[in-house]
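Enquirer:
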Amino acid sequence: MMSIAARIRELRQKSGESLQQLAESVGASKAHLSDLERGAATNPTIELLRALAAHYNVSIAALIGEEPAPAIPVVNDQVNAWIKQIRKEQAAGLDLETAAQEARLTFEGLMGPLDAQQIANWNAARDEIARTLQQKIEFLGTYSIRKPRRPEWYAGPKETDANWPRLRAYLLERKKWSQNTVDSIDSTSSEVVGLLENPAQSEFRGRGMVVGYVQSGKTANMTALIAKAIDAGYKFVIVLTGLTNSLRKQTQVRLVSDLRDRNRHSWFLHTNEDADFRTPPNAWFTVMDEVQLAVVKKNVSPLEHLLETIRKTPPALRERMPVLLIDDECDQAGVNASGSQYNMTTINGLIRRILALLPRVQYVGYTATPFANVLINPEKPAGGLDDLYPEDFITPLPRPEGYFGTETLFGRDPIDADAEKPDETGLDMIREVPAEEMAQVRPPSAREKDLFDPSIPPSLGDALRYFLLATACRYARGARNQHSSMLIHTTVYKRPHEKMAFKVEAWLREVGSALASGDTEVLDGLRSLWEAESAKVDPAQFGNKRHEFDEVEPHLRDVINDLEVIVENSDSDTRLDFSGKGKKYIVVGGSVLARGLTIEGLIVSYFVRTSSQYDTLLQMGRWFGYRIGYEDLPRIWMTKELQDAFHDLATVEAEIRADMEEYRRRDVTPADFAVRIRQIPGMTITAAKKMIAAESCDISFSGEHLQTIRFHVGKEDVGRLASNWNAGATLVDAAATVSAVEPRTDGPTGRLFRRVPLDAVMAFLKGYKASDRDLFSQELLDYIRSEADRADTPFRFWNVGVIEPGSGSCSAEPLGGLGKVRMVNRARLKESRADGAADIKALMSRRDVLLDVSCTAASDDWKALKAARQSEIGDKVPLLLLYAIDANSKPRDEQSTIRVPLQAPMDVLGVGIVFPDRGVRTSYVRVQLSPDDAEGESLSAELPAEGTGGDQ
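Under our numbering, the sequence shown has 556 at position 556, and the numbering climbs by one with no breaks.
This is the structure:
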């Protein structure tokens with residue numbers, strides 16, 4: 001006969017409800033229902049029984065059974081002991097039922113058969129593990145790409161845990177973080193903990209990676225991960241930080257504040273804010289009741305001390321220490337950059353040797369720029385140490401609420417060829433530094449760095465004035481006690497930093513004197529600048545008040561009096577210190593500011609430092625992050641080339657995350673992960689020596705769509721435009737020789753040719769001269785040819801269409817035998833590219849993909865539309881679309897501040913291609929990665945060489 005506890009549990013599990021959902025439905029507490037299901041509560045009220053019976057549409061008699069025997073009360077301490085023992089058995093790879101039986105057999109082998117009380121405790125333990133797994137397992141796999149699952153071992157945090165509940169309360173009550181933010185950290189960190197190796201195992205080595213956003217608060221996720229991992233059984237935490245003492249100290253202070261200070265007697269610290277790791281007095285680690293924590297800089301000396309201490313620790317002690325090793329900014333120094341899988345860089349080799357010495361270790365890398373990591377060879381070289389490829393899981397964190405990232409500031413190209421979205425356009429916060437002013441702020445070469453004497457050009461003057469105004473606005477908003485900062489990052493070389501700081505201090509004194517004397521010329525200039533800038537980003541969209549100049553001006557002198565000019569590099573005596581309230585800094589620095597270091601309250605950045613590598617450039621973006629209460633105020637001054645680079649990087653970042661989501665959806669494992677990273681002209685993905693396994697990251701266009709969105713439309717480009725038009729006309733005529741033209745009037749409108757031979761399409765693609773930023777490349781042609789050569793002969797025939805709107809003007813020139821065709825309207829973006837190309841943002845409309853089919857899709861989701869097409873057409877016939885773009889295209893909204901007329905010298909031919917998804921049968925083509933372009937300035941100009949000491 002089924003007990004009421006079992007009956008309620010059975011009904012709830014069949015309904016698919018969580019305990020929380022049931023509690024809300026019947027008006028009971030979740031804790032009471034949990035006790036009821038476990039048999040810990042045995043006398044539910046008649047009101048609760050009625051509510052449960054009504055909720056599940058059963059009678060009370062059916063709910064409680066026929067006079068069930070009273071349940072034996074369980075003993076919680078014994079239940080917890082059974083839970084611990086069962087989970088140890090699960091760690092060996094057993095499912096729950098088998099693990100529970102093994103735990104029982106082991107006990108009975110020592111103590112004899114269980115009595116009724118022990119059976120009740122054992123059943124309660126088994127039921128509790130099943131309940132928590134049922135309730136919590138839903139978070140696993142929400143975001144992550146992972147290996148096929150091992151037996152689930154982590155059921156999420158409990159209120160009785162020692163670390164996470166205290167950290168959670170600290171974030172909510174002391175740091176005043178929003179409930180939504182903390183809930184997001186809770187769910188994502190629980191997912192990552194569930195993907196770690198079970199610390200109860202006698203031996204394990206796991207490798208994973210968490211991908212956040214630059215300055216997005218991924219340290220909060222890391223801290224939550226540590227708290228929960230310790231609660232789950234890990235006993236030793238090693239955190240590898242960046243290359244500098246500043247970064248190591250920042251991480252140490254954060255972990256001590258968020259973790260150790262919440263539970264002071266449970267932690268033992270091997271490092272402190274002033275001291276990196278050194279060999280302990282007894283020369284080895286011991287097993288302790290406390291959790292051990294070491295925050296270690298990724299520099300040779302402390303890593304060698306750590307390696308030697310582990311080496312001297314007796315193996316019997318190492319076997320008793322489950323270690324969580326976290327590699328913060330794991331794409332920096334942790335990736336092998338020797339150019340060979342066997343000849344490791346010193347730091348990479350030290351990390352790998354540390355891992356090899358630990359029998360129970362889980363490695364987790366954290367990064368916001370995973371370009372180098374995903375290009376590591378996932379295969380272990382014969383006879384070599386494991387590299388740090390995240391073979392077990394890759395977890396991309398969701399974009400946090402209120403985060404200012406690359407898309408928000410710089411916009412990006414559309415990933416799904418749809419109309420513009422706000423995050424694709426970017427906020428109007430970027431200001432241009434003219435190329436001719438660069439010589440005033442940056443030394444022309446390394447040889448001249450010591451003699452270079454910087455000055456303050458007009459653009460830097462504007463940036464400084466705006467910083468004073470924006471900070472004064474924050475004073476007017478009541479935020480004088482909050483941090484406010486400006487970054488000046490013009491060169492990696494240290495000597496010019498001091499000179500620039502001296503010039504800025506002199507400038508501030510001059511402006512301060514002018515304000516004190518009521519200089520009308522200075523005040524009028526400040527007024528004009530504020531009125532222009534405050535009109536460009538509406539503060540109301542962020543819930544902020546707009547302040548007029550007369551409200552801001554009274555605070556300007558206070559701002560200047562509160563300001564400090566700080567030089568932050570490896571030679572400077574001063575250091576950023578945000579431990580007090582309301583610090584106001586203008587920070588001049590180099591590479592020490594370019595990765596990891598948080599500049600609190602950053603409003604203005606003057607940034608002309610260059611890099612030819614994706615990861616380096618993204619990490620330099622100290623302006624990414626949160627700007628709560630002043631979301632309308634940030635501004636960035638940089639060159640046009642840098643603006644374009646960040647716009648392109650936002651697109652690359654979005655594409656990588658889209659790939660990750662697609663791989664997660666398709667259950668692709670990290671070992672099979674081959675992210676497509678588009679090439680930006682003039683840039684490399686990461687340092688060339690980190691790309692030694694890049695040949696394994698071949699690309700496929702399977703299931704993709706391509707479109708031309710940038711066109712050179714100056715008078716001097718008429719020859720190229722005419723050549724492209726003629727190539728399209730030739731394709732149309734070739735198609736007409738093998739296929740009758742088919743008017744299309746339902747859905748997308750235009751004309752269609754079916755089964756056009758591949759040779760005609762290839763001739764067109766070879767003759768069409770696209771912008772070098774588009775994807776019509778040799779790799780594309782190689783992919784098409786390799787697919788066509790496959791045994792099932794796909795891509796031998798194509799459908800070719802001409803998209804024509806239902807009404808509108810016709811082209812000036814005929815498009816082959818079709819004659820003059822109706823044209824689409826595609827205005828250009830107001831901001832031109834640095835290379836002069838007109839950017840139309842998107843050429844294709846989503847439903848254009850259905851031109852050659854009669855079916856429809858239930859939604860306008862791009863994937864759904866392509867799937868609908870493929871369900872009718874199959875996976876062998878691509879679709880090539882031609883678009884005649886009106887030379888006189890105008891913005892649909894005459895009041896648009898984003899778009900302007902195209903003004904091309906003739907009508908323009910655009911091209912879109914839709915490839916069917918070939919699945920596992922698809923071909924891959926080898927991408928030839930660019931050579932390692934030399935940066936104008938080297939990181940080594942600021943940091944000591946790897947393996948040396950000093951303030952790094």
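Backbone N, C-alpha and C define an ideal beta-carbon position, used for all residues, glycine too.
Please check the pair Ala992 and Lys30, which I expect to be a contact at CB under 8 angstroms, by giving their CB distance rounded to whole angstroms.
Expert: Since the displayed the chain opens at 1 and closes at 952, residue 992 lies outside it and no answer follows.
Enquirer: Any chance you could list the beta strand (DSSP E) runs of at least 3 consecutive residues sitting entirely within the region 437 to 524, in chain order?
Expert: 484 to 489
Enquirer: Going by the CB atoms, is the gap between Leu523 and Tyr466 shorter than 8 angstroms?
Expert: no
Enquirer: Identify whether Gln895 lies in helix, strand or coil by the three-state DSSP scheme.
Expert: coil
Enquirer: To the nearest angstrom, how far is the alpha carbon of Val552 from that of Ala476?
Expert: 6 angstroms
Enquirer: In angstroms, rounded to a whole number, what distance separates the CA positions of Asp893 and Ile709?
Expert: Their backbone Cα atoms lie some 20 angstroms apart in a straight line.
Enquirer: Do you know offhand how far Gly836's Cα is from Val604's?
Expert: 27 angstroms
Enquirer: If you follow the beta strand (DSSP E) that Tyr585 is in, where does it begin and where does it stop?
Expert: Lys584 to Gly589
Enquirer: Where does the unbroken beta strand (DSSP E) through Trp267 begin, and where does it stop?
Expert: Trp267 to Leu269
Enquirer: So Asp782 is in the alpha helix (DSSP H); what residue range does that whole segment cover?
Expert: Gln778 to Ala788
Enquirer: Could you have a look at Ala945 and say whether DSSP puts it in helix, strand or coil?
Expert: Confidence at Ala945 is low in this model, with a pLDDT of 38, below 50, so the placement of that residue should be treated as unreliable; the coordinate-derived value is given next. In the structure shown, Ala945 sits in coil (DSSP, three-state: anything other than H, G, I, E or B).
Enquirer: Does the beta-carbon distance from Leu167 to Ala227 come in below 8 angstroms?
Expert: yes
Enquirer: Taking its Cβ as the centre, do 16 or more other Cβ atoms sit within 10 Å of Asp127, making it buried, or is it exposed?
Expert: With 16 or more other CB atoms across the displayed protein chains lying within 10 angstroms of its CB, Asp127 is buried.
Enquirer: What do you get for Arg665, buried or exposed, if any count of 16 or more other CB atoms within 10 angstroms of its CB means buried?
Expert: exposed
Enquirer: If you draw a straight line from the C-alpha of Ser455 to the C-alpha of Val900, how long is it?
Expert: 36 angstroms
Enquirer: Whole angstroms are fine: how far does the CA of Val849 sit from the CA of Arg12?
Expert: Spanning the two alpha carbons is a distance of roughly 45 angstroms.
Enquirer: Please report how far the alpha carbon of Val291 lies from the alpha carbon of Ile230, in whole angstroms.
Expert: 7 angstroms
Enquirer: If distances are taken between C-alpha atoms only, which option among Asp717, Leu303, Ala6 and Ala54 comes closest to Asn123?
Expert: Ala6
Enquirer: With Gln707 as the anchor, note down where its alpha helix (DSSP H) starts and where it stops.
Expert: Not the alpha helix (DSSP H): Gln707 falls in the beta strand (DSSP E), residues His705 to Gln707.
Enquirer: Using only alpha-carbon positions, find the residue among Glu548, Val908 and Leu780 that is nearest to Leu721.
Expert: Val908
Enquirer: With distances taken from CA atoms, which of Ala736, Gly806, Pro814 and Gln21 is nearest Pro748?
Expert: Gly806
Enquirer: Please report the Cβ distance between Leu815 and Val718, rounded to the nearest whole angstrom; I am assuming they are in contact, meaning their Cβ atoms lie under 8 angstroms.
Expert: Contact doesn't hold; Cβ gap of about 17 angstroms is too wide.
Enquirer: Per DSSP, what kind of secondary structure is Gln956 in: helix, strand or coil?
Expert: The question about residue 956 has no answer here: the residues shown for the chain are numbered 1 through 952.
Enquirer: Could you please give me the residues that DSSP links to Gly580 through a beta bridge?
Expert: Bridge partners of Gly580: none, in fact.
Enquirer: Nearest to Ala368 by alpha carbon, out of Ile351, Leu388, Gly349 and Leu397?
Expert: Leu397
Enquirer: Helix, strand or coil, according to DSSP, for Asn569 in the structure here?
Expert: coil
Enquirer: Looking only at its chain, what residues have a beta carbon closer than 8 angstroms to the beta carbon of Met998, apart from the 5 residues adjacent to it on each side?
Expert: Because the chain here runs from 1 to 952, residue 998 falls outside it and cannot be looked at.
Enquirer: Locate the alpha helix (DSSP H) running through Val211, then write down its first and last residues.
Expert: Careful: Val211 lies outside any alpha helix (DSSP H), inside the beta strand (DSSP E) at Phe204 to Val211.
Enquirer: In chain order, which alpha helix (DSSP H) runs of at least 4 residues are fully inside the region 218 to 248?
Expert: If we require 4 residues or more, the alpha helix (DSSP H) runs fully inside the region 218 to 248 come out as 218 to 232.
Enquirer: Just to check my reading of the structure: Lys312 and Thr241 have Cβ atoms closer than 8 angstroms, yes? What is that Cβ distance to the nearest angstrom?
Expert: No, Lys312 and Thr241 are not in contact; Cβ-Cβ is about 24 angstroms, not under 8 angstroms.
Enquirer: Give me, in chain order, the residues of the same chain whose beta-carbon lies closer than 7 angstroms to that of Glu980; leave out the 5 immediate sequence neighbours on both sides.
Expert: The first residue shown for the chain is 1 and the last is 952, placing residue 980 beyond what the model contains.
Enquirer: Under the DSSP definition of a beta bridge, which residues are partnered with Asn799?
Expert: Per DSSP, Leu879.
Enquirer: Taking three-plus beta-carbon pairs below 8 angstroms as touching, is the region 734 to 749 in contact with the region 841 to 855?
Expert: Touching, yes, given that three or more Cβ pairs across the two stretches are closer than 8 angstroms.
Enquirer: Could you say if the region 435 to 447 and the region 245 to 255 meet the contact criterion of at least three C-beta pairs nearer than 8 angstroms?
Expert: no
Enquirer: CB Asn569 to CB Lys494, shorter than 8 angstroms?
Expert: yes
Enquirer: What span of residues does the beta strand (DSSP E) with Met638 cover, start to end?
Expert: Segment Arg635 to Met638, the beta strand (DSSP E) holding Met638.
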